[in-house]
Amino acid sequence: MSLAAFSIAASYLKAGIDMFPRDHWEQHYDLSIELYSLYLEAEYCICHTEEVGRVAGEVITAAKSFQDKQRAYLCLIKALSVENKLEEAIEISFNALSQLDVHCPSPLPEKDAFMTNWKETKTKLEKMSDTEFLNLKEMSDSSKISAMKFFHLLFLYTFYSKQCYLPTLIIQSTQMTLNYGICKESSIAFSACSYVLLEFQDFKGSEHVGRLSLGILEKFKAQEYISQVYVLIYVGIFSWVRNFKLNLEPIMIGYQMGMQTGDIQHAIFN
C-alpha cells in the first residue's frame, strides 16, 4: 500500500468518525473502538503524530478494557518514537506491560544472574529441532500475546535509548514463547535472540535461532513483521554465514514489505 493510499484511508475514516453522535462511546462502543483504531493506524502511517497523540488519548480514556486500548497504545508509542521521544515511548510501553502483569526486573539483574538465565534459555533452544519448535502449541493467552506486541517495539527503542534493558527484554520474550507457546511476535523475539547470539560470536546458535524465526514467520504468514525479522536475520547472521549477494533480494523484500504494511521504522534499516 502506498502512502497516498494511507492518506485516502485516513480521510474516509475521519469522515466516518465525524458522523458519530456525541454519545457514540456509549451508544456505538464497538464501532467507535474499531473506527478510531483504524484511523490511528492510518494517521501514524502518514506521520501525523500530533493527531495520533490526540486521538490515542481519547481512545485510552474511553476504552473499557486493555484489549480495546491496545492498538491506541501501540500507535501512540510508535508516534512518540518518530518524534524521537524514545524515553517517553519506553515508559509508556513499560506501563502497558505492567497492566498485563508483565514486569521488567527493577533493578536489572546482576551480570552473573543474567548470564545464568541466558545460558539456560540458550540450552533449551539448542536442544530443540526446527520441527519440534514449530510444533509447539500456539500461544492462546491474549494478555501474553499483547505483551509480545509491546516487546517487539521495545527492542528497537531500547537499542537506541536504554540498551541496558535490551538483553533482559529479549530473554523475557523468548521465555514467554517457550512457556506459553508461539505466536506471530515470537518471530521477532527469536530474530532478536539470534542477533544477540551473533554478538557473542555464537554463529551456529545464531543461525539455528534465526532459522526458527523465519519458520515462525512462514507458519503464521506474518507479513507485517517481515521487515523487522529480515533486517535482524539477513543483515545479521546470514551476512556472516553466506555470500552477502544472496541476502540482497530478501533485504529489498524487507524494505518493500515494511513500506506496504506501515512498518516504516524497520523498512529504512533494510
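Residue numbering for the sequence shown follows the numbering used here, starting at 10 and increasing by one per position. No residue lacks a Cβ here, since even glycine has one placed at the ideal position from N, Cα and C.
Per DSSP, M28 is not a residue of any alpha helix (DSSP H), being assigned neither H nor E. Assignment of E141 by DSSP, reduced to helix, strand and coil, places it in the helix class. In this structure, the beta-carbon distance from A72 to I86 does not fall below 8 angstroms.
Measuring C-alpha to C-alpha distances from V205 to each of K228, L178 and G224 identifies L178 as the nearest. Within the same chain, Cβ atoms closer than 7 angstroms to the Cβ of K193 are found at F229, A231 and Y234, the five residues on either side in sequence being excluded. Within its own chain, the residues whose Cβ lies closer than 8 angstroms to the Cβ of L22, once the five positions on either side in sequence are excluded, are L44, L47, Y48 and A51, listed in chain order. DSSP, reduced to helix, strand and coil, places I197 within a helical segment of the structure shown. Of the candidates G245, Q237, F199 and F212, the residue whose Cα lies closest to the Cα of G224 is F199. In the DSSP assignment, Q79 falls within the alpha helix (DSSP H) that extends over F75 to V91. Note on the stretch 237-277: there is no whole beta strand (DSSP E) run with a minimum of 3 residues. Under the three-state reduction of DSSP, I191 is assigned to strand.
Each residue's CA atom was taken as its position, placing C173 and W34 some 41 angstroms apart.
A straight line joining the alpha-carbon of Q79 with that of Q36 spans about 21 angstroms. Residue pairing from DSSP places E147 in a beta bridge opposite I191. Annotation for Q36: the continuous alpha helix (DSSP H) segment containing it runs H33 to Q36.
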